[in-house]
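Trainee: I'd like to ask you about the structure that follows.
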Amino acid sequence: MISIYNLCKAYNGVPVLTDVRATIEKGEVVAIIGPSGTGKSTLLRCINGLETPDGGSITVNKVDVTRADTDLAAVRQKMNMVFQNFNLFNHLAVLQNLTLAPIQLLKEDPMAAANRARALLTKVGLGDHQFHYPSQLSGGQKQRVAIARCLAMNPDVMLLDEPTSALDPRNIGEVLSVLTRLADEGMTMVIVTHELEFAREVADRIFFMSDGAIYEEGTPEHIFGNTQRQKTREFIIQSRSLCFTAAIKRPDLHGLHGSIRDFCKNNGLDRKIRHDLQLLSEEVIQLISAAVEQTAHKHEGHITVAIDYFSNRDRVQLIVGAPKWIPDPLQPDDSNEIALALINNMSTGVSTSMEEQRRIITVTL
Amino acid sequence: MINPAFRALSTAFLVTVALLLPRILLAEDALPYSSTDDLSKARIAVLQGSVYDGLVSKRFPQSTLQQYLSLTDIIAAIKSGRADAGFTDEPPFKVALRTEPELYIVGEPLVRYPIGAGFRKDRTELRDAFNQFLRGLKASGDYDKLESHWLDHDGLPQQTVEPVASGEPLVIGTTIAGIPFVATRNNKLVGFDVTLGELFANSQNRPVRFEQMDFGALIAAANAGRIDMIMASMFITDERKKRIDFSDPYFELNGIAFARIGVSAASLTTEAAADTSEVGLWGAIKASFYDNLIKEDRYQLILHGLWITLLISLGATLLGTVFGGAICWLRMSSLPALNVLGRGYINLMRGIPVLVFLMLLYYVVLAPVRIDGITVSILALGLNFAAYAAEIYRTGLNSIDSGQREAGVSLGFSEAQTFRLILLPQTIRAILPVYKNEVISLVKMTSIVGYIAVQDLTKASDIIRARTFDAFFPLIFVAALYLLLVWMLISLLDRVQGARHPQQGVRP
Numbered sequence: 003m004i005s006i007y008n009l010c011k012a013y014n015g016v017p018v019l020t021d022v023r024a025t026i027e028k029g030e031v032v033a034i035i036g037p038s039g040t041g042k043s044t045l046l047r048c049i050n051g052l053e054t055p056d057g058g059s060i061t062v063n064k065v066d067v068t069r070a071d072t073d074l075a076a077v078r079q080k081m082n083m084v085f086q087n088f089n090l091f092n093h094l095a096v097l098q099n100l101t102l103a104p105i106q107l108l109k110e111d112p113m114a115a116a117n118r119a120r121a122l123l124t125k126v127g128l129g130d131h132q133f134h135y136p137s138q139l140s141g142g143q144k145q146r147v148a149i150a151r152c153l154a155m156n157p158d159v160m161l162l163d164e165p166t167s168a169l170d171p172r173n174i175g176e177v178l179s180v181l182t183r184l185a186d187e188g189m190t191m192v193i194v195t196h197e198l199e200f201a202r203e204v205a206d207r208i209f210f211m212s213d214g215a216i217y218e219e220g221t222p223e224h225i226f227g228n229t230q231r232q233k234t235r236e237f238i239i240q241s242r243s244l245c246f247t248a249a250i251k252r253p254d255l256h257g258l259h260g261s262i263r264d265f266c267k268n269n270g271l272d273r274k275i276r277h278d279l280q281l282l283s284e285e286v287i288q289l290i291s292a293a294v295e296q297t298a299h300k301h302e303g304h305i306t307v308a309i310d311y312f313s314n315r316d317r318v319q320l321i322v323g324a325p326k327w328i329p330d331p332l333q334p335d336d337s338n339e340i341a342l343a344l345i346n347n348m349s350t351g352v353s354t355s356m357e358e359q360r361r362i363i364t365v366t367l
Numbered sequence: 226m227i228n229p230a231f232r233a234l235s236t237a238f239l240v241t242v243a244l245l246l247p248r249i250l251l252a253e254d255a256l257p258y259s260s261t262d263d264l265s266k267a268r269i270a271v272l273q274g275s276v277y278d279g280l281v282s283k284r285f286p287q288s289t290l291q292q293y294l295s296l297t298d299i300i301a302a303i304k305s306g307r308a309d310a311g312f313t314d315e316p317p318f319k320v321a322l323r324t325e326p327e328l329y330i331v332g333e334p335l336v337r338y339p340i341g342a343g344f345r346k347d348r349t350e351l352r353d354a355f356n357q358f359l360r361g362l363k364a365s366g367d368y369d370k371l372e373s374h375w376l377d378h379d380g381l382p383q384q385t386v387e388p389v390a391s392g393e394p395l396v397i398g399t400t401i402a403g404i405p406f407v408a409t410r411n412n413k414l415v416g417f418d419v420t421l422g423e424l425f426a427n428s429q430n431r432p433v434r435f436e437q438m439d440f441g442a443l444i445a446a447a448n449a450g451r452i453d454m455i456m457a458s459m460f461i462t463d464e465r466k467k468r469i470d471f472s473d474p475y476f477e478l479n480g481i482a483f484a485r486i487g488v489s490a491a492s493l494t495t496e497a498a499a500d501t502s503e504v505g506l507w508g509a510i511k512a513s514f515y516d517n518l519i520k521e522d523r524y525q526l527i528l529h530g531l532w533i534t535l536l537i538s539l540g541a542t543l544l545g546t547v548f549g550g551a552i553c554w555l556r557m558s559s560l561p562a563l564n565v566l567g568r569g570y571i572n573l574m575r576g577i578p579v580l581v582f583l584m585l586l587y588y589v590v591l592a593p594v595r596i597d598g599i600t601v602s603i604l605a606l607g608l609n610f611a612a613y614a615a616e617i618y619r620t621g622l623n624s625i626d627s628g629q630r631e632a633g634v635s636l637g638f639s640e641a642q643t644f645r646l647i648l649l650p651q652t653i654r655a656i657l658p659v660y661k662n663e664v665i666s667l668v669k670m671t672s673i674v675g676y677i678a679v680q681d682l683t684k685a686s687d688i689i690r691a692r693t694f695d696a697f698f699p700l701i702f703v704a705a706l707y708l709l710l711v712w713m714l715i716s717l718l719d720r721v722q723g724a725r726h727p728q729q730g731v732r733p
């Protein structure tokens, strides 16, 4: 249905896409993953014609969209796009957002278009919101309306450009649920996403992009389970968890904060969670330091800080490991009362255990 | 808390004091100047562009010259003490003297000047025709009848000259010099010059049209071809002869100096003062209201002016709004040539005062074309408005997130459809508040069109003031009308804004 051959694109001489080749079949759900700045969104925008490639070709339903004489508008009517920032028409109510294109472009009867739009809104769970304006909706609701707006055009294929990246973590689930349902119904979709769990669940095939090209493609089982290619492996491991090592003596707290900031950004976690993670990890490290003070041990060894993010369960886990000779830092005493209370308050669960000769403290948000 | 009734009363009191102040202040009973020689160090008010400004600098080099646009303004300046004496033509001043008892003529006449009709230098045929017509009129004795009718009887009872119905109209430039020469009465231009002009046009078998303008603009207008001839009680002077040709004199008149007496006794014996003392302060206001608005149906002048102001406002807004769109398109074009053109236009229009631009259009750019002042006004104000509108549009368009365009085209809309259905409605919504302000200033800016002889609301008040020599009522009334006009426009645009800003709530 879509075939991309030899696609190249550069911005001001900096190559963004180099020799991208791919085919996407009808009914297929393709997830494009990869580190930031590797041209995932640019590839999607080239398919849609929002960006003009410098070389190569893209054919959609056997029509070459890169040629200047192609009627792009006609192609786009069958190939709609969902944007990271929703881009709902702010001057129109939800229902008119859905009916504008069918009435104007497909010359649909306004009443029929409105009825169909209402059915689509019900499908995405927003049947009650047809008279709302975009400014009155939450991010998740806006994105569901945007999806319904695409569906109103009865597209052959939907292009989704990071549909959950601008959302509050609380709202990601509702959008992913709608998309999962669409995938089950057989809609052809190309999704650029950072939600690896979602990509794994919903995609038939995964393109892993790195440095402007499709580095590896395969089934989710292959990419997430047993890929042997190094960049893919590193990305999969990195993006799901953060690993940071600090010396017990004078730990690099600024470095830790910076890593947490990057991790949150890559995973679309908001400021609040970032702040909590930074504060919690700092408090736990302080507790460990306090515990070390009580021993006669020389301050040697290191602390590891790991963060795991489970987007499908909307849960973040902070795992701090320390050498086993350190006494349990969570043991209450006079000096750490406040810190313990703070940790308990900010998290949903705190536990400590011994694993592989190390003391592990797990904090769940 | 101030009682509203008390406030109304005190306002009425202030108004009354303002009306009567000139009369109350006149306490002394002396003529400050007994001969024109006493005026050597005075502040002297003259009509701008009249012969008197040259006369003042020649005969009274130590005096201070003040130039005004009408006799009304000169009289007002003298009454309020801002000028010591005024120089003007004797006949219109004598008329003014009937209602202005605190003024008097100083000494002997300053000059005696012949008055002639003015023609562009190449219009010798028309000039000769006029001279021949004048000789005929004098020979038949009709001239003497006409002169006596206007100079001795103020042109009453009113006589009308039946105009020729069709043909190329003879356009005569004139200025409101006051009775007996040129004045408005019952909203019609009348006077000795006017009747003479009408008779001359009839003798040429042509209909006549009078074009009213400021005195200083007449010669320029004749040379620009906007008018065929000048009949505005214009003195024949050597200086003027360099610029235009004159007919044989059709009248001779005295130029006089006048000043304020300040005699309370004298003013009390006059009708106006007697009225005031009989019916009280309220009566004075009523009388002033009657004089300025009711008498001779003067309110019709105001209504007509209101209509012209409205017409120019709407026309210029419409032109500027549409043309501004084109300029905005140029300004936002990615082609350097078009972009520079748009930028240049905007900078040019924003850099020239709109009044200067208006006069440039009227007297220079469009001088060879016969377009009436209203059209020129709409053009000038509209073209000026377009520059501001273009910048407003550009700001509005830039404020719309680029994602809106992308969402539009990615649904399959063409660029034009995206603009019309998605970007334009949002832009309109964004710019309306600023646009509204710009329209309001445009409406008020229309008050400058009087400079090119268009009788708008402001000019209407000037014309009435020229007859009643009263500044208070015409100005207050016109100010109130502008306020009303602007208020109506705001309500109208607010309504549009309301429609563009759909209620941010859930409909039932």
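Protein chains in written order, with our numbering: chain A, 3 to 367; chain B, 226 to 733. Ideal Cβ placement from N, Cα and C applies to all residues, glycine included.
Ordered along the chain, which non-local residues of its own chain (more than five positions away) have a Cβ less than 8 Å from that of A:S179?
Mentor: Excluding residues within five positions, none has a Cβ falling inside 8 Å.
Trainee: For the alpha helix (DSSP H) holding B:F358, just list the boundary residues, first then last.
Mentor: That run of the alpha helix (DSSP H) goes T349 to S365.
Trainee: Would B:Q384 be called buried (16 or more neighbouring beta carbons within 10 Å of its own) or exposed?
Mentor: exposed
Trainee: Report the rounded CA-to-CA distance for A:I193 versus A:T350, giving the unit in angstroms.
Mentor: 32 Å
Trainee: For the region 477 to 484 of chain B and the region 253 to 270 of chain B, state whether three or more C-beta atom pairs, one from each stretch, are separated by less than 8 Å.
Mentor: yes
Trainee: Just the Cα atoms here: how many angstroms apart are B:Y588 and A:N14?
Mentor: 53 Å
Trainee: Using DSSP bridges, identify the partner residues of B:N479.
Mentor: In DSSP, B:N479 forms a bridge with B:R337.
Trainee: For the region 164 to 175 of chain A and the region 95 to 103 of chain A, state whether three or more C-beta atom pairs, one from each stretch, are separated by less than 8 Å.
Mentor: no
Trainee: What's the gap between the Cα of B:G274 and the Cα of B:G441?
Mentor: 5 Å
Trainee: Could you compute how far the alpha carbon of B:G480 sits from the alpha carbon of B:P286?
Mentor: Rounded to the nearest angstrom, the two C-alpha atoms are 18 Å apart.
Trainee: Does DSSP put A:S355 in a helix, in a strand, or in coil?
Mentor: strand
Trainee: Just curious, the alpha helix (DSSP H) that B:K467 is in, first and last residue?
Mentor: D463 to R468
Trainee: Does A:N14 get closer than 8 Å to chain B when you measure Cβ to Cβ?
Mentor: no
Trainee: When you check each C-beta in the region 280 to 312 of chain B against every C-beta of chain A, which residues fall closer than 7 Å?
Mentor: none
Trainee: Looking at the secondary structure, which residues open and close the beta strand (DSSP E) in which A:V32 lies?
Mentor: Annotation: the continuous beta strand (DSSP E) that includes A:V32 extends over V31 to I35.
Trainee: Enumerate, from N- to C-terminal direction, the unbroken alpha helix (DSSP H) stretches of 4 or more residues contained entirely within the region 140 to 200 of chain A.
Mentor: 141 to 153 and 171 to 186
Trainee: Could you check whether the Cβ of B:Q525 sits closer than 8 Å to any Cβ belonging to chain A?
Mentor: no
Trainee: Quickly, what does DSSP pair A:F246 with across the bridge? List them, please.
Mentor: A:F246 is bridged to A:V307.
Trainee: Using a Cβ cut-off of 8 Å, which residues of the region 634 to 667 of chain B contact any Cβ in chain A, in chain order?
Mentor: V634, S635, L636, G637, F638, S639, Q642, L646, I647, P650, Q651 and R654
Trainee: According to DSSP, is B:Q384 helix, strand or coil?
Mentor: Here B:Q384 sits in coil by DSSP.
Trainee: With a threshold of 8 Å between beta-carbons, can A:L52 be considered close to chain B, or not?
Mentor: yes
Trainee: Going by the beta-carbon positions, is the gap between B:P699 and B:N517 smaller than 8 Å?
Mentor: yes
Trainee: Closer than 8 Å, Cβ to any Cβ of chain B: which residues of the region 100 to 123 of chain A, in chain order?
Mentor: The region 100 to 123 of chain A vs chain B, Cβ under 8 Å: L102, A103, Q106 and L107.
Trainee: Need the endpoints of the alpha helix (DSSP H) that A:E284 sits in, please.
Mentor: First-last of the alpha helix (DSSP H) with A:E284: R273 to E295.
Trainee: Where does A:S38 sit, in a helix, a strand or coil, going by DSSP?
Mentor: coil
Trainee: Go ahead and label B:Y570 buried or exposed: buried means 16 or more other beta carbons lie within 10 angstroms of its beta carbon, across all protein chains shown.
Mentor: So B:Y570 ends up on the buried side.
Trainee: Can you name the residues that DSSP bridges to B:V664?
Mentor: Residue pairing by DSSP leaves B:V664 without any beta bridge partner.
Trainee: Strictly by DSSP, which residues pair up with B:D314?
Mentor: B:G480
Trainee: Using only CA atoms, which one of A:A201, A:C245 and A:A215 lies nearest to A:H224?
Mentor: A:A201
Trainee: Here's the rule I'm using: 16 or more other beta-carbon atoms within 10 Å means buried, otherwise exposed. How should A:D111 be labelled?
Mentor: exposed
Trainee: Run through the DSSP bridge pairs and tell me what A:E218 is partnered with.
Mentor: Within the DSSP bridge table, the entry for A:E218 names A:F210 as partners.
Trainee: So what does DSSP say about B:G343, is it helix, strand or coil?
Mentor: strand
Trainee: Have a look at A:R183 and A:P171 and give me their C-alpha separation to the nearest angstrom.
Mentor: 20 Å
Trainee: Quick check on this structure: which residue in B:M584, B:F610 and B:S558 has the alpha carbon closest to the alpha carbon of B:R575?
Mentor: B:F610
Trainee: Which residue comes first and which comes last in the beta strand (DSSP E) that contains B:L604?
Mentor: Element bounds for B:L604: not the beta strand (DSSP E) but the alpha helix (DSSP H), G598 to S624.
Trainee: Contact criterion: CB-CB distance below 8 Å. Does A:T20 meet it with respect to chain B?
Mentor: no
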